[in-house]
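As structure tokens, the structure follows; a few thoughts come after it.
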Amino acid sequence: MESSASSFVDPAADTAPLHPDDEKHNSIADRADTRLAREAHVGQRPGTLTIRAGAMAPRLFLLSYDEVSCTEQEYSDYDELWRFFSTHPELRHWIDVRGYNNLPLMERIMQDFDLHPLQMEDVLGDYQRAKVDVFGDNRLFLVSRMTEFTKLLEIDDDQLSIFTGPNYVLTFQDDYNDCLDTVRQRIRSGYSQIKRKPPLYLAYALTDVVLDQYYPTMAAIGDYIERLEDRILQDRPDRRVLGRILRMKKDIIRFRRFVYPEREKIAEILRMPDDIVPDEMKVYFRDCYDHAIQALDLAESYRESVSSLVELFMSNQSNRMNEVMKVLTIISSIFIPLSFVVGLYGMNFQRENPHGGINYLNMPELYSPWGYPILLAILAVIVMFQLLYFYRKGWLTNR
Amino acid sequence: MESSASSFVDPAADTAPLHPDDEKHNSIADRADTRLAREAHVGQRPGTLTIRAGAMAPRLFLLSYDEVSCTEQEYSDYDELWRFFSTHPELRHWIDVRGYNNLPLMERIMQDFDLHPLQMEDVLGDYQRAKVDVFGDNRLFLVSRMTEFTKLLEIDDDQLSIFTGPNYVLTFQDDYNDCLDTVRQRIRSGYSQIKRKPPLYLAYALTDVVLDQYYPTMAAIGDYIERLEDRILQDRPDRRVLGRILRMKKDIIRFRRFVYPEREKIAEILRMPDDIVPDEMKVYFRDCYDHAIQALDLAESYRESVSSLVELFMSNQSNRMNEVMKVLTIISSIFIPLSFVVGLYGMNFQRENPHGGINYLNMPELYSPWGYPILLAILAVIVMFQLLYFYRKGWLTNR
Amino acid sequence: MESSASSFVDPAADTAPLHPDDEKHNSIADRADTRLAREAHVGQRPGTLTIRAGAMAPRLFLLSYDEVSCTEQEYSDYDELWRFFSTHPELRHWIDVRGYNNLPLMERIMQDFDLHPLQMEDVLGDYQRAKVDVFGDNRLFLVSRMTEFTKLLEIDDDQLSIFTGPNYVLTFQDDYNDCLDTVRQRIRSGYSQIKRKPPLYLAYALTDVVLDQYYPTMAAIGDYIERLEDRILQDRPDRRVLGRILRMKKDIIRFRRFVYPEREKIAEILRMPDDIVPDEMKVYFRDCYDHAIQALDLAESYRESVSSLVELFMSNQSNRMNEVMKVLTIISSIFIPLSFVVGLYGMNFQRENPHGGINYLNMPELYSPWGYPILLAILAVIVMFQLLYFYRKGWLTNR
Amino acid sequence: MESSASSFVDPAADTAPLHPDDEKHNSIADRADTRLAREAHVGQRPGTLTIRAGAMAPRLFLLSYDEVSCTEQEYSDYDELWRFFSTHPELRHWIDVRGYNNLPLMERIMQDFDLHPLQMEDVLGDYQRAKVDVFGDNRLFLVSRMTEFTKLLEIDDDQLSIFTGPNYVLTFQDDYNDCLDTVRQRIRSGYSQIKRKPPLYLAYALTDVVLDQYYPTMAAIGDYIERLEDRILQDRPDRRVLGRILRMKKDIIRFRRFVYPEREKIAEILRMPDDIVPDEMKVYFRDCYDHAIQALDLAESYRESVSSLVELFMSNQSNRMNEVMKVLTIISSIFIPLSFVVGLYGMNFQRENPHGGINYLNMPELYSPWGYPILLAILAVIVMFQLLYFYRKGWLTNR
Amino acid sequence: MESSASSFVDPAADTAPLHPDDEKHNSIADRADTRLAREAHVGQRPGTLTIRAGAMAPRLFLLSYDEVSCTEQEYSDYDELWRFFSTHPELRHWIDVRGYNNLPLMERIMQDFDLHPLQMEDVLGDYQRAKVDVFGDNRLFLVSRMTEFTKLLEIDDDQLSIFTGPNYVLTFQDDYNDCLDTVRQRIRSGYSQIKRKPPLYLAYALTDVVLDQYYPTMAAIGDYIERLEDRILQDRPDRRVLGRILRMKKDIIRFRRFVYPEREKIAEILRMPDDIVPDEMKVYFRDCYDHAIQALDLAESYRESVSSLVELFMSNQSNRMNEVMKVLTIISSIFIPLSFVVGLYGMNFQRENPHGGINYLNMPELYSPWGYPILLAILAVIVMFQLLYFYRKGWLTNR
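Chains as they are written, first to last, in UniProt numbering: chain A, 1 to 399; chain B, 1 to 399; chain C, 1 to 399; chain D, 1 to 399; chain E, 1 to 399.
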């Protein structure tokens with residue numbers, strides 16, 4: 001992710017299109033939201049498990065560890081995984097299910113680990129806000145939303161569902177790739193706290209890594225905002241720039257909608273009684289809480305930036321109108337009076353009176369030997385005065 | 001509803017009128033609200049039952065079930081329904097009254113089922129926010145608002161009033177068609193939880209289906225917002241588009257006003273003591289609560305989208321002004337100086353001095369054999385420089 | 001009130017002036033507020049009774065009833081009223097004082113009914129937000145604000161002050177006409193609940209009727225908003241329309257300021273202990289509470305409508321500027337190039353070389369027998385191309 | 001103050017400058033705030049007493065009273081005051097210190113009356129929000145902000161600090177003139193409640209008079225807003241009007257900042273236990289509370305008015321642009337086509353073919369005896385059609 | 001800092017560039033935020049100490065004092081410091097660490113003073129909101145943010161981390177220069193309260209001095225806002241002024257984000273039990289609380305000012321457009337009709353009929369002896385009428 005983020009600030013990219021696929025992705029309306037709204041299943045029995053379209057086939061990973069050792073394996077057969085898991089109660093386990101597209105398997109896992117159908121529905125459903133539920137005696141069900149700022153310049157979000165148990169943590173996610181590898185590394189390494197602490201600590205570590213992930217997402221958003229600002233200041237932003245800005249505003253608001261419940265979730269954990277979340281663990285969650293608040297502060301900050309960009313865009317648009325008007329005014333103001341003067345001497349007033357005699361008052365200038373040069377000089381003086389006037393108004397220099 | 005929703009995204013529809021009846025329905029002022037405000041009956045005795053104008057004649061449905069069986073019948077005679085209901089206390093019943101337009105019948109139902117006149121007034125009245133009241137010992141009176149995005153591109157709302165009793169649920173609604181059929185299907189089918197749980201579960205199922213219904217409504221709104229955005233980006237939006245946008249904004253705010261009390265209602269249910277709403281049921285209502293919050297999030301999201309559309313519209317309007325100005329400026333700037341030049345050579349300065357002699361300085365160009373072609377060449381050069389200037393300003397290419 | 005409200009929707013009225021007295025009443029600054037602020041008496045002893053300027057002479061009405069009978073009389077002499085009142089403790093009484101302009105009388109009433117000077121100051125003062133105070137053992141002092149949308153298209157408000165006592169209700173208001181007649185009718189009629197319940201029920205009924213009165217006020221506002229919208233869409237709104245809109249916005253905010261404390265007042269009543277407001281009465285006040293919230297919802301809704309009207313007005317103003325610009329651009333763009341062309345052939349380049357010979361290159365077109373018709377044809381073609389261009393830009397058809 | 005307030009509504013003043021010193025006082029940035037911010041003393045020992053620059057020399061007033069008598073004297077020597085005060089414990093005293101500029105004296109008063117250095121710092125400091133502190137056993141320290149709308153059209157504010165003691169009230173203020181004379185009058189007069197009640201009542205009376213003072217301040221603001229509105233509607237507002245409006249907005253927000261803590265202060269007093277503020281006194285403070293809320297409501301109302309003024313100003317500015325454009329468009333649209341026509345007949349197509357013969361098609365109109373009159377008639381018809389077109393668009397009549 | 005602040009109000013600076021490095025620092029997007037977001041370390045073990053890039057090498061200062069004496073020294077060797085510290089338990093110590101760039105040293109300090117790794121991570125991290133944590137028995141961990149308005153016209157912020165202990169205060173900051181010298185001076189001087197009170201008082205004094213520091217920061221912001229306003233009113237603001245305004249808005253919002261948690265922090269301290277923060281100390285923190293609220297009020301005030309500046313800028317931009325339009329309109333309106341008139345008399349209608357005879361109606365004016373002077377007079381009259389019209393519209397005088 002970092003690499004893609006840093007590619008946005010490549011100065012050479014400034015003339016690149018603002019979006020890899022500029023024609024298609026210009027909707028302000030939040031298509032993700034629309035899709036979500038459309039796919040909800042009306043009137044279904046609550047707790048009905050349905051696999052959403054496009055879900056991937058499940059892959060099963062088991063990471064088993066105690067204070068000194070650590071085994072890690074991917075199982076193609078759930079029975080094998082279950083056998084290993086149930087015969088090693090002395091170890092701690094992280095059962096990591098990636099992909100949902102196997103309803104019977106999901107139902108078996110639900111029964112084996114004693115989950116509630118409504119919880120399983122939250123796991124498999126399209127979208128669930130970050131939340132925490134207590135169930136059983138002191139087990140926790142945690143939902144986090146993982147975010148990523150994609151190369152399509154949109155915020156992509158995936159759901160991480162975490163169930164804690166006496167000696168295990170069970171996680172579900174829809175994607176094979178995730179941002180949890182740093183946690184795996186820490187377990188594999190010899191000296192991690194995760195190996196010495198209860199499974200809740202692992203749940204905390206996973207929650208924390210998701211929160212940490214918000215910062216590169218926001219960094220990418222911040223870089224993109226800067227690119228948009230540069231575009232506006234280049235002074236030739238086309239209409240699509242406004243569309244991009246407004247869409248970015250939408251995305252930031254969406255992002256805020258991910259983070260805000262995260263904060264509420266952690267606040268709820270901090271309020272839980274000692275037998276569910278011991279005080280020793282609350283120190284860690286309080287740290288998470290600080291991070292969530294700072295992520296919200298940043299999102300708020302970017303939202304303000306984007307609103308300022310809209311104002312800047314509008315002012316720029318008005319400014320370019322001003323510029324167009326000035327060109328028109330300068331050229332018209334100079335040449336329209338000149339045209340009048342030359343039109344004046346294009347009139348056909350006659351020197352010869354048809355009734356005889358000379359109309360001496362009819363345009364004697366035309367007959368003067370110096371008429372034409374003097375006129376040209378007068379025209380030049382008029383133009384110079386006008387240019388001076390416009391210069392002093394600053395219309396010629398500052399655009 | 002889904003089918004109508006999907007018809008909105010038909011790409012061929014993009015040039016279709018934005019509204020089936022474009023001339024009539026363009027009010028921003030919320031006529032529904034106005035009507036509501038106008039129809040309220042001032043100073044009436046509280047609890048006075050009045051049937052509102054346009055209400056439909058009541059139809060009575062009874063769905064009786066126990067864990068294994070299920071009978072379903074429409075009764076044209078309330079006495080028959082009451083006889084069956086009161087002689088089968090071993091069954092659970094869903095008495096489903098659709099339409100109110102029979103005051104004596106309504107009063108009889110009120111007495112038979114021991115309802116408060118103020119509750120009955122809420123049932124029959126025009127509009128009641130979603131709410132929950134406890135009455136009797138542990139009976140609930142629930143009001144939900146059902147929504148639908150109609151083909152007239154407005155949000156239509158109907159009221160669902162639910163009373164729970166020891167072995168029955170009594171519902172009222174004004175329309176014959178509703179969105180509750182999925183619940184009926186689940187009861188008719190053999191294995192539904194509804195048949196094994198107390199009537200409160202049925203009340204929950206009905207509340208839940210209304211909440212689920214909000215999602216297709218919002219999907220339709222989302223599609224419509226996208227159509228409006230496409231219209232704006234087609235770059236020739238007429239004034240009615242803004243009217244539509246503003247009306248849609250109004251509708252989303254109205255929608256939010258339906259959902260917000262729904263959330264409060266469920267939060268109140270979750271706070272109720274165990275003897276009214278048992279913990280086992282609260283798990284289900286907590287699920288409803290999540291749905292209500294997500295519906296609010298979506299409404300908030302669409303509201304932002306619509307505000308962005310207004311900004312986009314305004315910017316587009318300003319952009320088209322810019323475009324008009326550029327055409328004027330380009331044409332004027334090119335031809336006004338040219339006109340001056342040709343006017344210059346239309347002057348009548350005389351070569352012959354009336355006092356004799358030749359005014360050699362008076363426009364000798366006119367007498368040169370190459371005067372005219374040279375002038376034309378000069379004019380062409382002027383035009384080319386101007387075109388170059390405008391091109392470099394980007395006025396010729398980007399509109 | 002209903003009749004005046006309905007007169008606003010008279011379609012023929014659409015070309016009528018937006019205000020009966022258009023020149024005078026166009027202030028956005030809330031003159032009512034200003035007046036209020038100016039009239040407050042600085043530094044007076046608290047509880048000093050002063051009659052405000054313009055108050056009317058008091059009229060005293062007594063409505064005495066028990067479960068079966070009802071006597072009603074206006075007294076010109078307070079002593080008579082007091083004699084009847086104090087000699088009939090077995091009846092319930094509604095002492096209805098309309099108009100304040102008699103300080104000694106007000107002080108006597110204050111002493112006879114044991115009111116606090118600060119309460120009496122609230123009664124006689126200019127403006128008091130809706131509120132409830134408990135005094136004595138379990139007596140209530142209630143203030144409501146009655147509203148009316150006047151023919152001057154402003155919201156008029158009057159204050160209704162209610163004191164409850166063991167067997168009476170004492171009300172004060174400044175106007176002779178009020179909206180409480182429906183309550184009087186219910187008492188006069190044989191079977192009203194008011195006659196069977198304690199005086200608090202009458203206080204409730206009066207509070208409820210004031211709340212009900214908010215709906216026609218809002219209906220009138222809603223109608224007026226629609227008229228303003230029609231005006232804007234007629235496309236020739238003058239500047240006064242914006243003044244009206246902004247004033248209406250102000251009025252709606254003022255209206256909201258009346259309703260909001262009303263809601264707080266009733267919420268406070270609902271929180272009162274059982275010996276002051278018995279549970280049986282709370283059912284009724286809870287109904288009031290729903291009404292107050294819905295009135296607030298409506299006010300919020302209208303406020304949004306009015307904001308949308310401002311946006312529509314601004315867009316329309318910009319649109320008319322666009323239209324003006326298009327006319328200018330079309331006419332200038334067509335005729336300025338034509339003028340150049342005809343100016344070109346108005347030049348005086350000479351065919352005869354003064355040094356002898358013919359300048360064949362000097363404007364040979366002028367000497368062609370078909371010069372003029374060909375030129376006219378060329379001009380016509382230029383015009384047609386320009387019209388085609390403008391037509392395809394949509395400048396000719398959509399305004 | 002009233003007199004200055006009423007001078008603002010003098011109708012003859014409408015053409016007067018909006019500000020007595022229009023060139024200097026046009027800052028939106030709140031210079032008062034800036035000054036405040038700049039003068040704060042960084043890093044000083046808390047409770048360090050420093051006299052701010054420009055403070056006046058102290059004057060000492062003592063008003064001593066019991067239920068029947070009242071003595072009042074200004075002391076130039078604090079020792080004398082203290083001697084009288086300490087030898088008359090049977091009387092109640094109001095020690096009124098105006099001006100601070102004598103540090104040793106301030107420190108002596110602090111010690112004699114047993115005040116905390118931090119409190120004294122609040123008294124002498126530049127700015128302290130309204131607040132209440134309890135100290136000693138049941139003594140109160142109250143801060144109020146007195147406001148005045150000055151002839152410079154700004155809100156001036158001074159601080160009133162009140163300390164209560166067992167038989168005295170000690171007040172500090174920086175200005176010799178204040179708005180407390182009405183309270184002094186009430187004490188001097190024979191029958192005031194102040195003389196019969198404990199010192200807390202005097203503190204209440206002083207707080208109340210400051211709150212009452214807010215209303216004339218707001219009345220003056222309201223009048224000024226009306227003047228600004230009239231200016232805008234006179235249709236020739238220069239740029240300074242917007243500056244004034246924005247400054248007034250700033251001032252109203254500043255005013256709100258004075259009133260809001262006042263409300264909080266009184267709410268805190270109402271929550272105090274009975275031994276500090278007895279219930280009997282709370283009735284009076286509750287009255288204050290109502291006044292503070294209404295003052296906030298008014299401030300909110302004026303803030304809305306000022307926002308509407310900004311919109312009106314912007315619309316007016318756009319309107320004047322429209323007007324300018326219409327003049328340009330009408331004149332250009334009429335004369336540019338006419339110029340083309342006359343240019344057409346200024347062309348020099350030759351009737352005589354240089355090769356002999358007559359070019360009959362070359363502008364035969366020029367040779368017709370009715371050519372010129374017919375052309376003039378055609379021009380007149382063109383003008384009339386254009387005028388009709390513009391008239392029907394409403395461009396000629398409504399500006 | 002004061003000196004740099006006062007340099008901003010130098011009147012001669014008004015034509016100086018608004019920013020010392022105008023080309024580079026014009027981003028609205030909050031680069032500081034972006035940088036922060038980018039640097040966060042994803043997925044690290046919580047409590048992992050990392051030194052951020054660019055941190056300075058640590059310098060160690062020890063200030064030891066009792067009620068009468070005071071020793072102060074910089075130690076290059078931590079062991080020496082620790083030796084002195086641990087062998088003088090009878091003194092109070094302020095260990096002042098400036099700069100972090102020595103990880104082993106930081107870890108040693110952490111262990112010696114018994115700090116939590118998460119706290120140390122907050123100390124060394126990039127950014128931590130102001131907060132307070134209780135740890136150990138009654139030790140406090142306080143974070144404050146120090147601000148400064150730099151010569152680059154940006155708000156610079158540094159973090160001050162304070163740990164209290166039984167007889168010491170331990171502070172960390174990243175910069176060698178700080179704003180705490182006034183506190184050091186007070187300790188060095190003979191009579192400071194700090195020397196007589198527990199270490200918490202020193203922590204308070206440090207917190208207070210940071211809060212006091214906010215005022216000069218805001219004064220500098222206020223001065224800069226005034227400069228921006230003057231720039232706008234000079235009437236030739238270029239586009240960069242809007243960029244500056246928007247950036248200043250961003251900075252004020254950022255500043256508010258520093259102050260707001262400061263207020264929350266102090267409120268939390270005020271709620272702490274007596275054994276952690278004794279009542280005697282709360283008097284002082286309450287004073288801090290007042291300062292924090294006033295700083296927030298000021299920030300709010302400046303935010304409003306900046307929004308008003310945006311409105312003023314937009315109005316000014318529109319105003320300048322108006323001015324341009326007026327020049328165009330006046331010149332066009334005067335000369336286009338004149339051009340028509342002179343074009344009229346440039347037509348070539350022929351007096352001689354080719355078929356013989358005289359076309360007396362063809363432009364007889366041209367043959368009149370007074371034709372030309374009369375025409376010039378008519379033109380002059382037209383111009384005068386037009387000038388009068390424009391003058392009365394106010395287009396000539398007010399720009």
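Built from N, CA and C at the ideal position, the CB exists for glycine as well.
Residues in the stretch 364 to 387 of chain C having any Cβ partner in chain D nearer than 7 angstroms:
Taking 7 angstroms as the Cβ-Cβ cut-off against chain D, the residues of the stretch 364 to 387 of chain C that qualify are Leu366, Tyr367, Pro369, Trp370, Gly371, Tyr372 and Pro373.
For the beta strand (DSSP E) that contains glutamine 159 of chain A, what are its first and last residues?
Locating residue 159 of chain A in the first sequence gives position 159, counting from the first residue. Here the beta strand (DSSP E) through glutamine 159 of chain A covers 155 to 164.
Would you say residue 410 of chain A lies against chain B (beta-carbon separation less than 8 angstroms)?
Residue 410 of chain A lies beyond the residue range present for chain A, which begins at 1 and ends at 399; the question has no answer from this structure.
Rounded to whole angstroms, what is the Cα-Cα separation between glutamate 148 of chain C and tyrosine 215 of chain C?
Sequence index remark: in the third sequence, residue 148 of chain C carries index 148 (1-based). Sequence index remark: in the third sequence, residue 215 of chain C carries index 215 (1-based). Using only the alpha carbons, I get a separation of about 10 angstroms.
Have a look at tyrosine 204 of chain C and proline 198 of chain C and give me their C-alpha separation to the nearest angstrom.
The residue labelled residue 204 of chain C in the question sits at position 204 within the third sequence. The residue labelled residue 198 of chain C in the question sits at position 198 within the third sequence. C-alpha separation (whole angstroms): 10 angstroms.
Taking 8 angstroms as the threshold (beta carbon to beta carbon), is methionine 321 of chain A in contact with chain B?
Position 321 of the first sequence, counted from the start, is the residue given in the question as residue 321 of chain A. Residue contact with chain B for methionine 321 of chain A: present (Cβ-Cβ distance below 8 angstroms to some residue of chain B).
Rounded to whole angstroms, what is the Cα-Cα separation between isoleucine 109 of chain B and threonine 207 of chain D?
The residue given as residue 109 of chain B occupies position 109 in the second sequence. The residue given as residue 207 of chain D occupies position 207 in the fourth sequence. As the crow flies, the alpha-carbon of isoleucine 109 of chain B is around 60 angstroms from that of threonine 207 of chain D.
Which residues in chain E sit within 8 angstroms of glutamate 67 of chain A, going by Cβ to Cβ distance?
Along the first sequence, read from residue 1 onward, the residue named residue 67 of chain A stands at position 67. Identification of chain E residues near glutamate 67 of chain A by a Cβ-Cβ cut-off of 8 angstroms yields none; the smallest Cβ-Cβ distance measures about 16 angstroms.
Interface residues of chain D around aspartate 297 of chain E at Cβ under 8 angstroms?
The residue given as residue 297 of chain E occupies position 297 in the fifth sequence. Going along chain D in sequence order, the residues near aspartate 297 of chain E (Cβ under 8 angstroms) are Arg129 and Arg257.
My output table needs one value for tyrosine 75 of chain B: the three-state DSSP class, helix, strand or coil.
Sequence index remark: in the second sequence, residue 75 of chain B carries index 75 (1-based). Three-state DSSP puts tyrosine 75 of chain B in a strand.
Chain-ordered neighbours of glutamine 317 of chain E on chain A, where CB pairs are closer than 9 angstroms
Here residue 317 of chain E is taken as the residue at index 317 of the fifth sequence, counted from 1. Within 9 angstroms Cβ-Cβ: Ser315, Ser318, Asn319 and Asn322.
Could you tell me the distance, in whole angstroms, from the CA atom of valine 277 of chain C to the CA atom of histidine 291 of chain A?
For the purposes of this step, residue 277 of chain C is taken as the residue at position 277 of the third sequence. For the purposes of this step, residue 291 of chain A is taken as the residue at position 291 of the first sequence. Taking the Cα positions, valine 277 of chain C is about 49 angstroms away from histidine 291 of chain A.
Between the alpha carbons of methionine 384 of chain E and serine 339 of chain A, how many angstroms are there, rounded?
Position 384 of the fifth sequence, counting from 1, holds the residue named residue 384 of chain E. Position 339 of the first sequence, counting from 1, holds the residue named residue 339 of chain A. Roughly 20 angstroms between the two C-alpha positions.
One question on the structure: do tyrosine 168 of chain B and arginine 92 of chain B come within less than 8 angstroms of each other, judged by their Cβ atoms?
Here residue 168 of chain B is taken as the residue at index 168 of the second sequence, counted from 1. Here residue 92 of chain B is taken as the residue at index 92 of the second sequence, counted from 1. Taking 8 angstroms as the cut-off, the Cβ atoms of tyrosine 168 of chain B and arginine 92 of chain B count as close.
Please look up how many angstroms separate the CB atoms of aspartate 174 of chain B and glutamine 159 of chain B, rounded, as I've assumed it's under 8 angstroms.
For the purposes of this step, residue 174 of chain B is taken as residue 174 along the second sequence, with counting starting at 1. For the purposes of this step, residue 159 of chain B is taken as residue 159 along the second sequence, with counting starting at 1. Right, their Cβ atoms sit about 7 angstroms apart.
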